[in-house]
Structures are given as structure tokens and as C-alpha cells.
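Reviewing the structure listed below.
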Amino acid sequence: MKNKNAMIIAIIAGVLLLISGISGLATWEAIKEFVTNNIADNAVIQIVFAILIFIASLGGISVIVGGILIGKDNVGTGKFLITLGAGLGIIGLIVSIYYAYVEGALNVWSFFSIGFIGLILSIIARIIAKK
Numbered sequence: 001m002k003n004k005n006a007m008i009i010a011i012i013a014g015v016l017l018l019i020s021g022i023s024g025l026a027t028w029e030a031i032k033e034f035v036t037n038n039i040a041d042n043a044v045i046q047i048v049f050a051i052l053i054f055i056a057s058l059g060g061i062s063v064i065v066g067g068i069l070i071g072k073d074n075v076g077t078g079k080f081l082i083t084l085g086a087g088l089g090i091i092g093l094i095v096s097i098y099y100a101y102v103e104g105a106l107n108v109w110s111f112f113s114i115g116f117i118g119l120i121l122s123i124i125a126r127i128i129a130k131k
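Below, the structure written as C-alpha cells:
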């Protein structure tokens, strides 16, 4: 278990993401809309995006499963699940921070939410996991 630390960090990150409700769902929906409107729209693309959106909607569960897979030396699939579950949630968090800034409600505590910490930990777990 050379990736034990990455696995533990990913599981903690997944739990934090589950508590906060952050996932990459909205981002994958936006990507799907762009692809189907501007590039191609067929049954295969619809099926692929349905699967990706389902996995991303699980958010923290995807990160936890990804961490477990990393712990079992299935690093590539584990990293992929972490990216789907939380990686794109960062975009949503950045948008939220931007809106808070525009509305004048941004403060230092905006960066210490449970979701933000979960996202950062998921990125760290993904980075330190080695094949």
C-alpha cells in the first residue's frame, strides 16, 4: 500500500465533500451542453455524458471510492474518480467566491468552508498518488 496516505486523504476529503454537498455535477452538465450544441450530438455522446454526470453527482462518494482504488494500487481509475467527483467542483467554488466578491460578501472565512477544505484535500490526494 504505497499510496496509503493518498487513500486516507481522499477518504477524508470525500467525507467533507459529502457533508458540504459539493460536486462537479453542474460543470459536467455545462460541458455536455457545449459538446452537444457545438461539436456533436449522438447516442454515444449522450450515454458517455450520462455516465460522467452520474458519477460526478455522487461527489464525495466518488472521491472516497477513488481513494480506496488508489489504496488498492488502481491509481489511474482512482485519480479519474477523484477528478470527476470533486475536481470540477473547484470551478463551482471559484464561481461562488467570485459572486461573493462581487456582492461584497467575500471574507477570509470563505476559504475555510468544509467544502473548500474537502476540495483541497482531494487535489492533494490526487497529486500524491503514484503509480
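All letters in the sequence shown, in the order written, are residues 1 to 131 by the numbering used here. Glycine included, each C-beta is placed from N, C-alpha and C at the ideal position.
At a Cβ-Cβ threshold of 7 Å, Val63 and Ala13 count as neighbours.
Under the DSSP assignment, Lys131 falls outside any alpha helix (DSSP H); it carries neither an H nor an E label.
Between Val65 and Leu52, the beta carbon gap of about 15 Å keeps them out of contact (Cβ cut-off 8 Å). Within the same chain, Val75 come within 6 Å of Lys131 by CB-CB distance, once the 5 residues on both sides are set aside. Exposed is the label assigned to Asn42, since fewer than 16 other Cβ atoms lie within 10 Å of its Cβ.
Here Lys4 carries a helix assignment [DSSP, helix/strand/coil].
The Cβ atoms of Leu69 and Gly78 lie closer than 7 Å to each other. Counting along the chain, Thr77 sits inside the alpha helix (DSSP H) bounded by residues Val75 to Ile82. Ala6 is a Cβ neighbour of Ala129, given a cutoff of 7 Å. Sequence-distant partners of Leu18 (beyond 5 residues in either direction) whose C-beta falls short of 6 Å from its own C-beta, in its chain, are Gly60.
For Ala56, the enclosing alpha helix (DSSP H) starts and ends at Ala43 to Ser57.
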